[in-house]
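*Asks:* This is the structure I want to talk about, given as structure tokens.
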Ligand code: ADP
Ligand code: ZN
Ligand code: ZN
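In the numbering used here, the protein residues as written are 119 to 805.
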């Protein structure tokens with residue numbers, strides 16, 4: 119009798135075993151998508167192993183096979199296992215994240231299983247024709263050298279960091295390396311941190327690779343993603359796939375190269391739900407498993423990555439000049455405290471930024487304003503008594519949005535809504551203060567909507583576009599915003615961190631960084647690193663082709679060393695200073711961190727469970743290696759009270775011991791009757 123172990127794309131602990139009926143046995147193979155009964159329901163599941171054994175009548179029968187070919191390759195299963203172990207979650211959670219939703223829909227799949235033959239995937243792109251050879255870019259001397267050095271570095275280490283200033287032409291270097299890999303018959307995965315980037319790169323790479331390129335991101339329909347997945351298992355597999363974070367889960371037949379563009383980006387890390395993985399780190403593991411080369415690219419490498427390069431674990435290649443001899447932008451710091459004191463501020467834009475932007479727009483150039491908060495204002499408050507609307511489910515004040523769903527011109531313009539940026543709940547704006555009855559609420563602080571409104575007043579002739587989560591809900595809206603700005607239909611782009619990530623616009627002369635303080639004062643040990651990266655990146659959007667760009671950085675803390683490092687574009691000095699702190703306080707990359715999150719609908723339960731957890735762990739850890747439990751900055755989200763414990767381990771320590779310890783402690787706590795309903799999970803290498 120054949121038995122099969124399967125994993126369900128659910129948060130179950132281990133695998134489940136089923137009997138394989140004689141009719142199915144000849145076809146069942148590892149990696150296949152099948153349907154199995156669990157209690158009174160049916161689920162899709164992936165077969166992870168099969169064996170011959172005595173009949174076990176306590177086991178239930180597998181119901182059916184969904185598709186005639188395995189959907190998941192053995193090395194993917196190996197990766198899933200590694201991820202579950204490293205990131206401390208269940209294989210089912212990894213499977214859930216890995217598989218497109220459609221594969222998990224047992225009803226649809228059951229209907230599909232009823233069909234005998236499998237249709238050929240009909241995945242087709244927003245198709246671009248490749249340019250003829252002679253119209254393509256010739257690499258500059260510096261780029262040629264970089265290509266050669268990367269090749270040499272790969273001979274020694276499988277992972278190489280390409281550290282190239284913004285607009286040095288890293289993408290052109292990637293293109294050459296991809297061409298070489300494809301010529302060898304290898305497949306290439308090109309990872310980007312942001313969907314907005316796939317839009318630009320689709321056009322740019324499409325000109326070279328045309329129909330050889332597949333695209334993978336969350337705004338594609340489920341069917342498109344299922345089709346791409348299936349296609350990658352056939353002889354028609356795309357040799358090149360451009361994708362966001364979750365593309366690390368795709369099947370490969372002969373992967374030779376992984377490019378991780380903007381490797382420092384935080385969005386490579388999945389925060390919620392599990393697996394809380396970092397796509398860059400997973401990429402290096404895939405590289406190792408499949409013996410593929412990995413290239414990490416950035417103008418502002420993560421401290422972890424740069425340290426690995428310095429220690430010789432990664433190869434290291436630089437591009438120090440912008441392509442075409444274009445100068446790095448000039449960064450001017452505006453001291454907002456000073457300007458305010460002198461009463462020189464009549465809008466959120468300093469006089470200098472106002473003037474430079476006016477000039478640029480008048481001369482047919484463009485500007486980008488970066489404000490790292492969406493909505494109109496982050497806080498509303500009563501004029502008389504200071505009452506502030508808060509989310510009833512979370513410990514945060516509500517963000518005031520003027521435009522419904524972020525779109526202008528829709529029905530509710532003017533009245534607006536209050537939104538919780540943590541749980542997504544929306545509320546009506548109260549007509550009067552529930553505490554004192556005053557009818558006047560003031561909006562405090564700035565979000566992108568308010569910046570957009572202010573820009574309309576200050577630059578009445580500008581063609582303004584806002585780009586944030588609210589204006590990019592659909593895939594088309596992304597593409598439209600980017601192509602409109604690229605074509606000059608719009609000339610002033612106001613946006614959140616979305617506008618910082620590697621976009622390439624030719625006519626941006628001015629970049630305004632508004633309220634840089636928000637980032638600089640975040641209560642997190644990575645605040646300066648993030649600020650350095652984000653602000654240098656957004657500055658890098660300026661003056662990429664036609665003449666030197668100008669960046670106006672507005673802050674009330676111009677004296678901070680990190681601000682000076684940004685202004686001088688001095689990564690080395692920034693790195694040296696930051697590493698001193700990290701060493702002193704034992705933070706990554708000088709140590710590893712695991713956060714333990716303890717959540718409960720009851721504050722007292724969360725508190726007790728976190729205390730017990732900490733007390734259990736402390737004897738096994740060095741003094742100072744367990745911090746907390748503490749209430750995080752936002753201590754209640756979606757009705758769950760939160761506590762957090764920070765665990766530090768040696769950067770070189772074997773990770774298995776500490777994991778066993780943490781899992782054991784969790785197991786004990788969740789079984790305590792008086793701590794019922796407590797939810798404990800781990801975030802490994804948090805960012
Ligand atoms: P990075 O990825 O380093 O920010 P890009 O690859 O986007 O830089 O290059 C910046 C700009 O310079 C782009 O508009 C690109 O088309 C142009 N560019 C870079 N290298 C070349 C080249 N060899 N030939 C022509 N244009 C180039
Ligand atoms: Zn009031
Ligand atoms: Zn909320």
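By construction, the Cβ of each residue, glycine as well, lies at the ideal position given by its N, Cα and C atoms. Predicted model only: the values in this text are computed from it and were never measured.
Helix, strand or coil for residue 241, going by three-state DSSP, please let me know.
*Replies:* For residue 241, the predicted structure reports a pLDDT of 37, less than 50, and the residue's modelled location is therefore unreliable. A value from the coordinates is still provided. In the three-state reduction of the DSSP assignment, residue 241 falls in the coil class.
*Asks:* Within the continuous beta strand (DSSP E) that includes residue 630, where are the two ends?
*Replies:* 626-631
*Asks:* Take residue 726 and list the residues in its own chain whose beta-carbon comes closer than 7 Å to its own, dropping the five residues that flank it on each side.
*Replies:* For residue 726, where only same-chain residues beyond five positions count, the Cβ hits under 7 Å are 793.
*Asks:* Indicate whether residue 373 and residue 308 have their beta-carbon atoms separated by less than 9 Å.
*Replies:* no
*Asks:* Helix, strand or coil for residue 823, going by three-state DSSP, please let me know.
*Replies:* The question about residue 823 has no answer here: the residues shown for the chain are numbered 119 through 805.
*Asks:* Below 8 Å CB to CB, which residues in the same chain sit around residue 562 once its five sequence neighbours on both sides are set aside?
*Replies:* 495, 496, 497, 498 and 499
*Asks:* Tell whether a beta-carbon distance below 9 Å holds between residue 629 and residue 667.
*Replies:* Yes, Cβ-Cβ distance for residue 629 and residue 667 is below 9 Å.
*Asks:* Whose C-beta lies closer than 8 Å to the C-beta of residue 422 among residues of the same chain, with five residues either side of it excluded?
*Replies:* 706 and 707
*Asks:* Any chance the CB of residue 560 is under 8 Å from a heavy atom of ligand 2?
*Replies:* Remark: the shortest separation between the CB of residue 560 and any heavy atom of ligand 2 does not fall under 8 Å.
*Asks:* With a 10 Å radius around its C-beta and 16 neighbouring C-beta atoms as the bar for buried, classify residue 241 as buried or exposed.
*Replies:* For residue 241, the predicted model reports a pLDDT of 37, less than 50, meaning its position is unreliable; a value from the coordinates is still stated below. Burial call: buried.
*Asks:* By how many angstroms is the C-alpha of residue 788 removed from the C-alpha of residue 331?
*Replies:* 47 Å
*Asks:* Report the rounded CA-to-CA distance for residue 62 versus residue 753, giving the unit in angstroms.
*Replies:* For the chain, the structure presents residues 119 to 805; residue 62 sits outside this window and is missing.
*Asks:* Are the CB atoms of residue 121 and residue 169 nearer to each other than 9 Å?
*Replies:* yes
*Asks:* With DSSP collapsed to three states, give me the class of residue 789.
*Replies:* coil
*Asks:* Using only alpha-carbon positions, find the residue among 151, 650 and 566 that is nearest to residue 221.
*Replies:* For residue 221, the nearest C-alpha among the options comes from 151.
*Asks:* I believe residue 619 touches residue 704 by the beta-carbon criterion, under 8 Å. Please report the beta-carbon distance rounded to the nearest angstrom.
*Replies:* Rounded, the Cβ-Cβ distance is 30 Å, inconsistent with contact.
*Asks:* If you run the structure through DSSP and keep just helix, strand and coil, what is residue 236?
*Replies:* Caution applies to residue 236, whose pLDDT of 42 falls short of 50 and renders its modelled position unreliable; the model cannot decide the point.
*Asks:* If I measure Cβ to Cβ from residue 166 and keep anything under 7 Å in the same chain, skipping five residues before and after, which residues do I get?
*Replies:* 123, 124, 125, 133, 148 and 195
*Asks:* Thinking C-alpha only, which one of 300, 577 and 623 is nearest residue 599?
*Replies:* 623
*Asks:* Are the stretch 270-290 and the stretch 427-444 in contact at 8 Å, needing three or more beta carbon pairs?
*Replies:* Result yes; three or more Cβ-Cβ pairs closer than 8 Å.
*Asks:* Have a look at 652, 244 and 382 and flag the residue whose alpha-carbon is nearest the alpha-carbon of residue 424.
*Replies:* 382
*Asks:* Which term fits residue 204, buried or exposed, when burial requires 16 or more other beta carbons within 10 angstroms of its beta carbon?
*Replies:* buried
*Asks:* Please return the same chain residues whose Cβ sits closer than 6 Å to the Cβ of residue 481, not counting the five positions on each side in sequence.
*Replies:* none
*Asks:* With ligand 3 as the reference, list in chain order each residue whose Cβ lies under 5 Å from any of its heavy atoms.
*Replies:* 509, 511, 512, 538, 540, 541 and 543
*Asks:* Classify residue 458 as buried or exposed, calling it buried when 16 or more other Cβ atoms lie within 10 Å of its own Cβ.
*Replies:* exposed
*Asks:* Less than 7 Å between C-beta atoms, sequence neighbours within five positions excluded: which residues of the same chain meet that for residue 236?
*Replies:* Summary for residue 236: the model assigns pLDDT 42, below 50, so the residue's position carries little reliability; its value from the coordinates is reported in the next sentence. Here the set comprises 185 and 186.
*Asks:* Spatial neighbours of residue 188 within its chain, please: CB distance less than 6 Å, with the 5 preceding and 5 following residues excluded, ordered by chain position.
*Replies:* 147, 149 and 150
*Asks:* With a CB to CB cut of under 8 Å and the five nearest residues on each side skipped, what residues in its chain are close to residue 681?
*Replies:* 451, 634, 638, 671, 673 and 675
*Asks:* Any heavy atom of ligand 2 closer than 8 Å to the CB of residue 502?
*Replies:* yes
*Asks:* Return the first residue and the last residue of the alpha helix (DSSP H) that residue 764 is part of.
*Replies:* Looking at the DSSP string, residue 764 is not in any alpha helix (DSSP H); the run it does join, the beta strand (DSSP E), is 758-768.
*Asks:* Would you check whether ligand 1 has a heavy atom nearer than 8 Å to the C-beta of residue 258?
*Replies:* yes
*Asks:* Does the beta-carbon distance from residue 386 to residue 311 come in below 9 Å?
*Replies:* yes
*Asks:* Looking at the secondary structure, which residues open and close the beta strand (DSSP E) in which residue 801 lies?
*Replies:* 797-802
*Asks:* Would you say the beta carbon of residue 440 is closer than 8 Å to some non-hydrogen atom of ligand 1?
*Replies:* At least one heavy atom of ligand 1 is nearer than 8 Å to the Cβ of residue 440, so yes.
*Asks:* Am I right that residue 485 and residue 627 are in contact with their C-beta atoms under 8 Å? What's the rounded C-beta distance?
*Replies:* 7 Å
*Asks:* For residue 392, which residues in the same chain have their Cβ closer than 6 Å to its Cβ, ignoring the five residues on either side in sequence?
*Replies:* 207 and 211
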